[in-house]
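Notes follow the structure.
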Amino acid sequence: MFETVVLGILSSLLAKLLIDLARFRDFFWPQLMCRTIYRNKLLRVSMAAIVRLSDGSGYLLIKNQRRPEFFGPIGGVIKFYTLARLEDRFEFQSQSKRSDLKNDLRGFLPGRNFYAFMQWFRSKQDREVESVTRELIEELQEIGLDNLAANIQALPLSFVRYVHEGVRPVTNTNYYQFRYLEIYELDPTDENGRILTQQLFAAAQENSDLLVVTQQEIDRGRAKTGEPIGIHSNYLIREKRVGSEPAPFYE
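Under our numbering, residues 15 to 265 are what the sequence shown spells out, in order.
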């Protein structure tokens, strides 16, 4: 009798686990790892979006403000709204202590809360749904292209794909890491998209914080003029990246 009850409970728990995992099949292994062996581990999550800007022969990159030694895609972290109450719901702690970055979806939570966190994220509630427009405006302002940034409103964006990395250990740290990245494309066939693409590529001829590179240069990880290219630029052209992971940065 006792064994029957125990088996029944275990079967119910296993069935619930499999149902939960199946709801987000594309994140099956990260969920499974975080519900089992990484359950009590500290997990860093980074949720971001980038935009693929191309004139047909090259791709536009920008000097990375967080890693200024690299050029990478325009884009960045997705932000959440205060109503999301991430600290209360998922024990989420922002990575940055800066007030202007406290709502970035880049921070730490216990592995056991990863599934619930992803449920919330995929619901698209109380967070940015499209962050590329804001990031493009901010990044152009940071490199002195205020006039160009001022004319940007709704971008003609097309969703390309999303990718994720992890869960993986991070060398010389006490945490594991999961990265999620959405890739969008600025449609050059749209009139506004075509004009903005032309303006951005023209600006790259005079602004040293912008760089136009080919697919081959992205593959090599370095522009022909010598500038190093961040490994996440690979996601502009493929679903997998190549190259070693850069050292984590600290704020």
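C-beta: ideal position from N, C-alpha, C; glycine also.
As the structure is a prediction and not an experimental result, all values here were calculated from the model.
By the criterion of a C-beta distance shorter than 6 Å, Lys77 is surrounded in its chain by Phe85, Asp223, once the five residues flanking it on both sides are discounted. Straight through space, the alpha carbons of Gln229 and Val143 are spaced by roughly 29 Å. Looking only at Arg193, Val181, Tyr249, Asn188, the smallest Cα-Cα distance to Arg49 is reached by Val181. With a cutoff of 8 Å on beta-carbon distance, Leu56 and Phe122 are scored as near each other. For Ala63, the enclosing beta strand (DSSP E) has its first and last residue at 56-66. Scanning Ile232, Leu74, His178 for the CA closest to the CA of Trp43 turns up His178. As far as DSSP is concerned, Ile157 takes part in no beta bridge. According to the DSSP assignment, Gln191 belongs to the beta strand (DSSP E) that extends over 190-200. Under the three-state reduction of DSSP output, Ser247 falls in the helix class. Judged by DSSP secondary structure, Glu101 falls within the alpha helix (DSSP H) whose first and last residues are 100-104.
Taking one beta carbon from each stretch, the segment 83-102 and the segment 125-143 have 3 or more pairs nearer than 8 Å; the two touch. Going by C-alpha positions, Leu162 is about 13 Å away from Leu169. By the C-beta criterion, the segment 65-76 is judged not to be in contact with the segment 106-125, since fewer than 3 inter-stretch pairs fall below 8 Å. Judged by their CB atoms, Thr211 and Leu200 are nearer to each other than the 8 Å cut-off.
Short of 7 Å from the beta carbon of Asn206, and not among the five residues preceding or following it, lie these beta carbons of its own chain, in chain order: Pro170. By the Cβ-count criterion, Arg58 is buried, with 16 or more other Cβ atoms from all chains shown falling within 10 Å of its own Cβ.
The closest CA to that of Val91, considering only Glu83, Arg99, Gln79, is found on Gln79.
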